[in-house]
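Here the structure is laid out as structure tokens; the discussion comes afterwards.
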Amino acid sequence: MILFHGTTEDNIKNIKRNGLLASTQDQWIMEVTNKNVCCVASEPTSGEGGSPIYFAGRHSRSNNQNGYLVVVSLPVEVYHEKLIAIFDNKTIDDYAQYHFFLREEFRQKGFELYKILHKIKAKNSSLENIPTRKKAQQLIISSQDQNTYYKQLSYRDLPVSHQLENIHFTEHLYQLVKFMGGWKFFYDFLDLHFSNVDDVSFHKFTQHSPRCNALFWQRFYHRYPQEHTHFAHWFSPQWLKNKMQDTAKHNSQILMCSIEPKYIVGFIHVTNAAGVVARFRPIKKHHKRQARYTLGKRIWRQVYRMLKAA
Numbered sequence: 391m392i393l394f395h396g397t398t399e400d401n402i403k404n405i406k407r408n409g410l411l412a413s414t415q416d417q418w419i420m421e422v423t424n425k426n427v428c429c430v431a432s433e434p435t436s437g438e439g440g441s442p443i444y445f446a447g448r449h450s451r452s453n454n455q456n457g458y459l460v461v462v463s464l465p466v467e468v469y470h471e472k473l474i475a476i477f478d479n480k481t482i483d484d485y486a487q488y489h490f491f492l493r494e495e496f497r498q499k500g501f502e503l504y505k506i507l508h509k510i511k512a513k514n515s516s517l518e519n520i521p522t523r524k525k526a527q528q529l530i531i532s533s534q535d536q537n538t539y540y541k542q543l544s545y546r547d548l549p550v551s552h553q554l555e556n557i558h559f560t561e562h563l564y565q566l567v568k569f570m571g572g573w574k575f576f577y578d579f580l581d582l583h584f585s586n587v588d589d590v591s592f593h594k595f596t597q598h599s600p601r602c603n604a605l606f607w608q609r610f611y612h613r614y615p616q617e618h619t620h621f622a623h624w625f626s627p628q629w630l631k632n633k634m635q636d637t638a639k640h641n642s643q644i645l646m647c648s649i650e651p652k653y654i655v656g657f658i659h660v661t662n663a664a665g666v667v668a669r670f671r672p673i674k675k676h677h678k679r680q681a682r683y684t685l686g687k688r689i690w691r692q693v694y695r696m697l698k699a700a
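Using my numbering, you'd call the opening residue of the sequence shown number 391 and step up by one each time.
Right, here's the structure in full:
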């Protein structure tokens, strides 16, 4: 089975010596796998959120480094021995952004927002024109959940926050409101969580809850069970566990144990500071015979040459 991993030139020497090590420590993944993983994909351009060619090129411009695809060939039995989990790339990306990194702020402010919106809904059932104010300041939430790391990849520390009555909340949480489709649907999301919760029981529950956000939400969903919908266990690692795939697809992230050097076929130079290297760039239209080859197909042609020469 052919697999791909994206990296930069400063890692090549170590990969040749030690192979692809299971060293990924992303907290949102480790809460599901309970171990470090090595991330690979079955396609070089495997789609949104975790494409190997993206990881090969993401630091090429800023660090002036060449990006490479590590090409791996595993016998089927070895693949299954090393396999830990498979997820859709977009699912993992959305989980980090709209679940994992919001769970502490939602823990702190979700119930209060629900009570405010519930009061507003009694007067304005459509929940249109919600009177929020944008604040020119950054709120820092969730020090225990790798938030500083993730903001380097997403919002670039946008210096804004929002206010609804006396509740201040981050731009991240406002993005969840938009992701849900607006305030009306966000209220339904809040209602799913808090319709059976009262002030006394919630205060008592939070007073005796662990600081760890993963444990907090696991206990919350056990204490206040929800309907079995797409939104059930939203802020718990269980939500992502429920999204595991049985087999790898085009847009899958494959999480594995370490892969030894003997399984590495070679390295393909795919990016530099200017972007994709010349031989893999789109061909001009007048080259009709070759125009049908996409970036992925051009890379696969190179892989076949490497396998033939091995």
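Beta carbons are placed, not taken as given, at the ideal position from N, Cα and C, and that holds for glycine.
If you're wondering where the values come from, they're calculated on a predicted model, not measured in any experiment.
(message) Contact defined as beta carbons within less than 8 Å: I believe serine 648 pairs with glycine 457. What is the distance between those atoms, to the nearest angstrom?
(response) The residue labelled residue 648 in the question sits at position 258 within the sequence shown. The residue labelled residue 457 in the question sits at position 67 within the sequence shown. In fact, because the Cβ distance is near 22 Å, the residues do not count as touching under 8 Å.
(request) Give the secondary structure of lysine 524 by DSSP, where H, G and I count as helix, E and B as strand, and everything else as coil. (result) For this step, residue 524 is matched to residue 134 along the sequence shown. Of the three classes helix, strand and coil, the one that applies to lysine 524 here is strand, per DSSP.
(request) Specify the secondary structure class of leucine 473 as computed by DSSP and reduced to three states. (result) Reading the sequence shown from its first residue, position 83 is the one you call residue 473. Here leucine 473 sits in strand by DSSP.
(request) Return the Cβ separation of cysteine 429 and histidine 395 in integer angstroms, given the expectation that the two are a contact with Cβ distance under 8 Å. (result) Counted from its first residue, the sequence shown places residue 429 at position 39. Counted from its first residue, the sequence shown places residue 395 at position 5. Indeed, because the Cβ distance is near 7 Å, the residues count as touching under 8 Å.
(message) Tell me the residue span of the beta strand (DSSP E) that contains asparagine 775.
(response) Given a span of 391 to 700 for the chain in the structure shown, any question on residue 775 remains unanswerable.
(message) What would DSSP say about asparagine 662, mapped onto helix, strand or coil?
(response) Along the sequence shown, read from residue 1 onward, the residue named residue 662 stands at position 272. Residue state for asparagine 662 is assigned as strand, using DSSP reduced to three classes.
(message) Quick check on DSSP: helix, strand or coil for glutamine 415?
(response) For the purposes of this step, residue 415 is identified with residue 25 of the sequence shown, where counting begins at 1. Glutamine 415: coil per DSSP, three-state reduction.
(request) Alpha carbon to alpha carbon, how far is methionine 646 from methionine 696? Give it in angstroms, no decimals. (result) The count along the sequence shown starts at 1 and reaches residue 696 at position 306. The count along the sequence shown starts at 1 and reaches residue 646 at position 256. One C-alpha to the other measures close to 23 Å.
(request) Within its chain, find whatever has a CB closer than 8 Å to the CB of aspartate 636; leave out the 5 residues flanking it on each side and keep chain order. (result) Here residue 636 corresponds to residue number 246 of the sequence shown, with the count starting at 1. Closer than 8 Å at the Cβ level, and outside the excluded window around aspartate 636, lie Ile476.
(request) Note down, in chain order, each residue of its chain lying with its Cβ closer than 8 Å to the Cβ of glutamine 616, except the 5 sequence neighbours on either side. (result) Within the sequence shown, the letter at position 226 stands for residue 616. For glutamine 616, where only same-chain residues beyond five positions count, the Cβ hits under 8 Å are Leu582, His583, Ala622, His623.
(request) Note down the Cα distance separating histidine 598 from histidine 558, rounded to an integer number of angstroms. (result) Stepping through the sequence shown from its first residue, residue 598 is reached at position 208. Stepping through the sequence shown from its first residue, residue 558 is reached at position 168. Cα-Cα distance, rounded: 25 Å.
(request) Quick one: give me the first and last residue of the alpha helix (DSSP H) that tyrosine 611 is part of. (result) Taking the sequence shown and counting its residues from 1, the one referred to as residue 611 is at position 221. Element bounds for tyrosine 611: 603-613.
(request) Would you mind stating whether histidine 659 and valine 666 have Cβ atoms separated by less than 8 Å? (result) Along the sequence shown, one-based indexing puts residue 659 at 269. Along the sequence shown, one-based indexing puts residue 666 at 276. Not closer than 8 Å, so no.
(request) Drop a sphere of 10 angstroms on the beta-carbon of aspartate 589, count the other beta-carbons inside from all chains shown, and report buried for 16 or more, exposed for fewer. (result) By 1-based counting over the sequence shown, the position of residue 589 is 199. Counting Cβ neighbours within 10 Å, aspartate 589 comes out exposed, since fewer than 16 surround it.
(message) Under DSSP, the alpha helix (DSSP H) around methionine 646 begins and ends at which residues?
(response) In the sequence shown, the residue the question calls residue 646 occupies position 256. First-last for methionine 646: 642-646, but that is the beta strand (DSSP E), not the alpha helix (DSSP H).
(request) Give a yes or no on whether the C-beta atoms belonging to leucine 517 and isoleucine 510 are separated by under 8 Å. (result) On the sequence shown, residue 517 is found 127 positions in, with the first residue counted as 1. On the sequence shown, residue 510 is found 120 positions in, with the first residue counted as 1. Against a cut-off of 8 Å, the Cβ pair of isoleucine 510 and leucine 517 comes out as a contact.
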